[in-house]
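Data block below; observations after.
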Amino acid sequence: MRHRLATSITVLTLGAIIVLPLFGTLPAEGSACRQSTYIPGLSPITLSSSDGRHTLQVKKRTQNRQPVADIWYDGSYRGRHVIPVRIWNGKGSTVTAVLHQYWGTEIWMGQVRQVLKRTAKLQVCGTYWRGNLP
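Written out as structure tokens, the structure is:
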């Protein structure tokens with residue numbers, strides 16, 4: 486029994502070591518991640534690079550009932566992308582727009598019910614991008 490458990494743990498560990506780097510799901514190496522509570526729709530989140538040469542702005546909109554992110558890099562519009570999207574990946578840092586799903590309580594027609602809600606959030610890993618997240 487112990488041998489099977491040890492073998493299973495070894496296989497899972499080796500699988501994670503091999504598979505995770507291939508798909509790029511790990512955050513920037515050796516870095517802590519910060520996450521906003523939401524991505525605003527009226528005014529964009531503005532991040533500045535640590536060397537002060539670049540800016541990154543992200544604003545959320547809804548298009549065809551899907552959340553999308555408008556992205557500006559150094560003041561130049563870079564497009565509208567469906568969330569989830571990896572916005573920046575480089576210099577030991579990643580910036581990703583993600584969807585957070587949770588169950589919320591809502592009162593409708595006098596009845597209390599549980600509904601699935603989605604919120605778009607901005608996740609910043611690494612130390613290259615600085616700025617306050619809402």
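The sequence shown maps to residues 486 to 619 in my numbering. Just so you know, even glycine gets a beta-carbon here, dropped at the ideal spot from N, CA and C.
Buried or exposed (CB count within 10 angstroms, at least 16 for buried), residue i
i	result
A517	exposed
W588	exposed
I622	The first residue shown for the chain is 486 and the last is 619, placing residue 622 beyond what the model contains.
G611	buried
Contact under 9 Å by Cβ, residue i with residue j
i	j	result
L532	T522	no
V580	V543	yes
I568	Y562	no
R538	V553	no
Nearest neighbour of residue i, chosen from the options [CA to CA]
i	options	result
H585	G611, D559, N617 and K602	K602
G526	L607, T612 and T579	L607
Alpha carbon of residue i to alpha carbon of residue j, nearest angstrom
i	j	result
R571	G616	18 Å
Y613	M594	49 Å
S528	R546	11 Å
T495	V609	Low confidence applies here, because T495 scores a pLDDT of 45, under 50, leaving its location unreliable and the question unanswered by this model.
S535	Q548	33 Å
G577	R519	14 Å
Q596	N574	46 Å
query = In chain order, which continuous runs of the beta strand (DSSP E) of length 3 or greater are located wholly inside the stretch 558-606?
reply = As far as the stretch 558-606 is concerned, its whole beta strand (DSSP E) runs of at least 3 residues are 561-567, 570-575 and 578-593.
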